[in-house]
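Enquirer:
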Amino acid sequence: MIEGLTHLLFPAVCTLCQKPLDNGEEHICAGCFDEFNPFPGALAGSAALKSTVRAHFGEKAVPPAAWSLYPYRSTGKLHEAMHSMKYGGLFPLGEMFGRRLGELLRQGGDPAPFDAIVPVPLHSLKRIERTYNQSEAIARGMAAVLGLPVATKCIERCLYTGSQTGLGMEARRDNMAGAFRPGRERCPARVLLVDDVLTTGATMVVAAEALMAAGAVEVAFATVALTEKE
Ligand SMILES: [Zn+2]
1 MIEGLTHLLF PAVCTLCQKP LDNGEEHICA GCFDEFNPFP GALAGSAALK
51 STVRAHFGEK AVPPAAWSLY PYRSTGKLHE AMHSMKYGGL FPLGEMFGRR
101 LGELLRQGGD PAPFDAIVPV PLHSLKRIER TYNQSEAIAR GMAAVLGLPV
151 ATKCIERCLY TGSQTGLGME ARRDNMAGAF RPGRERCPAR VLLVDDVLTT
201 GATMVVAAEA LMAAGAVEVA FATVALTEKE
């Protein structure tokens with residue numbers, strides 16, 4: 001009842017185009033979603049992500065399984081949505097992308113037997129600055145669809161890494177080396193590591209190494225978006 005009234009007084013509009021949302025639409029309208037151009041299926045996203053990691057860090061760093069929803073450019077509606085999620089405090093957008101990613105995992109592609117979902121942690125100072133970790137919001141959305149626990153204390157970020165933007169490949173890896181350490185909880189064996197965007201894979205590769213050091217046996221990667229070579 002109250003929800004109905006609120007909706008009447010403040011009709012929900014699309015975050016990106018401000019068009020009123022139809023029933024069943026959440027935060028982003030169907031028209032804007034159409035402009036995101038997802039990978040044509042789970043296997044295409046998996047192949048693209050693995051090939052990016054392989055190109056930058058070699059075969060050993062390639063995860064045993066991977067999922068990604070969208071190829072990502074630094075302009076356009078998807079960029080706007082990801083930016084609002086990360087810096088604009090639009091927490092529910094992360095959960096919504098997470099649910100879509102969870103549905104992609106359910107559709108198949110790589111085998112998906114996991115004990116827990118682990119969001120790439122933010123440094124505690126950065127978390128205070130942004131108020132929340134967008135990767136954790138994505139992980140919570142995935143967990144709701146997949147019925148898996150979210151583990152946030154297996155690894156922690158120990159360095160306040162500056163922005164990766166503008167850094168070359170080698171510099172990115174150096175910037176990240178030693179950025180994570182095992183956390184307070186022992187890590188479960190089969191982990192699904194989650195982040196918002198994968199660009200070279202430096203962050204996830206280094207986080208996966210820390211998870212293995214914390215007890216993980218297998219670490220798969222899932223990201224909402226994958227930066228395209230421009
Ligand atoms: Zn829209």
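Numbering of the sequence shown is given in the UniProt record's numbering, commencing with residue 1 and proceeding in unit increments.
Here a beta-carbon is modelled for each residue, glycine too, at the ideal position from N, C-alpha and C.
On a predicted model such as this, the values are computed, not experimentally measured, just so you know.
Check each candidate in Arg186, Pro64, Phe221 and Ala116 and name the one with the smallest Cα separation from Ala144.
Expert: As a working note, residue 144 is residue 144 in the sequence shown. Comparing Cα positions, the closest option is Ala116.
Enquirer: Hey, out of Ala179, Gly41, Phe39 and Arg99, whose CA is closest to Glu26's CA?
Expert: Stepping through the sequence shown from its first residue, residue 26 is reached at position 26. Closest option to Glu26, Cα to Cα, is Arg99.
Enquirer: Using alpha carbons as the reference points, say which of Gly201, Gln107, Ile155 and Val197 lies closest to Met212.
Expert: In the sequence shown, the residue the question calls residue 212 occupies position 212. Minimum Cα distance to Met212 is reached at Ile155.
Enquirer: What residues does ligand 1 have around it, judged by CB closer than 7 Å to any heavy atom, in chain order?
Expert: Qualifying residues, in the order they occur: Cys14, Leu16, Cys17, Lys19, Ile28, Cys29, Gly31 and Cys32.
Enquirer: Please name the residue, chosen from Thr203, Thr223, Leu226 and Pro182, that lies closest to Gly215 on a Cα-to-Cα basis.
Expert: Taking the first residue of the sequence shown as 1, we reach residue 215 at position 215. The shortest C-alpha separation from Gly215 is found at Pro182.
Enquirer: What is the DSSP secondary structure of residue 276, reduced to helix, strand or coil?
Expert: This structure does not reach residue 276, given that the chain is present from 1 up to 230, and the question cannot be answered.
Enquirer: Please return the same chain residues whose Cβ sits closer than 7 Å to the Cβ of Cys14, not counting the five positions on each side in sequence.
Expert: Within the sequence shown, numbered from 1, the residue matching residue 14 stands at position 14. Counting only Cβ-Cβ distances below 7 Å, and skipping sequence neighbours, we find Leu21, Ile28, Cys29 and Cys32.
Enquirer: From the DSSP output, read off the bridge partner residues of Asp195.
Expert: Taking the first residue of the sequence shown as position 1, residue 195 is located at position 195. Beta-bridge pairing links Asp195 to Thr223.
Enquirer: Short check: CB of Phe114 to CB of Tyr70, under 8 Å?
Expert: On the sequence shown, position 114 is the one that residue 114 refers to. On the sequence shown, position 70 is the one that residue 70 refers to. For Phe114 and Tyr70, no; Cβs fall outside 8 Å.
Enquirer: Would you report the Cα separation of Tyr72 and Gly45, rounded to the nearest angstrom?
Expert: As a position in the sequence shown, residue 72 is number 72, starting the count at 1. As a position in the sequence shown, residue 45 is number 45, starting the count at 1. So the alpha carbons of these two residues sit roughly 12 Å apart.
Enquirer: Between Lys50, Leu148 and Glu35, which has its C-alpha nearest Leu78's C-alpha?
Expert: In the sequence shown, the residue the question calls residue 78 occupies position 78. Out of Lys50, Leu148 and Glu35, Glu35 has the C-alpha closest to the C-alpha of Leu78.
Enquirer: Taking 7 Å as the limit between beta carbons, can you name the residues of its chain near Arg190, skipping five residues before and five after?
Expert: Looking up residue 190 in the sequence shown gives position 190. Here the set comprises Pro113, Phe114, Asp115, Val217 and Glu218.
Enquirer: Helix, strand or coil: how does DSSP classify Ala116 here?
Expert: On the sequence shown, residue 116 is found 116 positions in, with the first residue counted as 1. Here Ala116 sits in strand by DSSP.
Enquirer: Whose C-beta lies closer than 8 Å to the C-beta of Ala177 among residues of the same chain, with five residues either side of it excluded?
Expert: Along the sequence shown, one-based indexing puts residue 177 at 177. Cβ neighbours of Ala177 beyond the five flanking positions: Val206.
Enquirer: By a C-beta neighbour count over all protein chains shown, 10 Å radius and 16 as the cutoff for buried, is Lys19 buried or exposed?
Expert: Position 19 of the sequence shown, counting from 1, holds the residue named residue 19. Exposed, since its Cβ has fewer than 16 Cβ neighbours within 10 Å.
Enquirer: Where does Pro38 sit, in a helix, a strand or coil, going by DSSP?
Expert: The residue labelled residue 38 in the question sits at position 38 within the sequence shown. In this structure, Pro38 counts as coil in the three-state DSSP scheme.
Enquirer: Over the uninterrupted alpha helix (DSSP H) stretch that includes Glu103, give me the two end residues.
Expert: Residue numbering aside, residue 103 sits at position 103 when the sequence shown is read from its first letter. Where Glu103 is concerned, the enclosing alpha helix (DSSP H) stretches over Phe91 to Arg106.
Enquirer: Could you please give the first and the last residue of the uninterrupted alpha helix (DSSP H) stretch that includes Arg157?
Expert: Position 157 of the sequence shown, counted from the first residue, corresponds to residue 157. Segment Ile155 to Arg157 is the beta strand (DSSP E) holding Arg157; no alpha helix (DSSP H) there.
Enquirer: Note down the Cα distance separating Thr152 from Ala179, rounded to an integer number of angstroms.
Expert: Here residue 152 corresponds to residue number 152 of the sequence shown, with the count starting at 1. Here residue 179 corresponds to residue number 179 of the sequence shown, with the count starting at 1. So the alpha carbons of these two residues sit roughly 16 Å apart.
Enquirer: Rounded to the nearest angstrom, how far is the Cβ of Val194 from that of Ala222, given a contact under 8 Å?
Expert: Within the sequence shown, the letter at position 194 stands for residue 194. Within the sequence shown, the letter at position 222 stands for residue 222. Contact flag correct, Cβ pair sits at about 5 Å.
Enquirer: Taking all protein chains shown into account, decide if Thr75 is buried (16 or more other Cβ within 10 angstroms of its Cβ) or exposed.
Expert: Taking the first residue of the sequence shown as position 1, residue 75 is located at position 75. Label assigned to Thr75: exposed.
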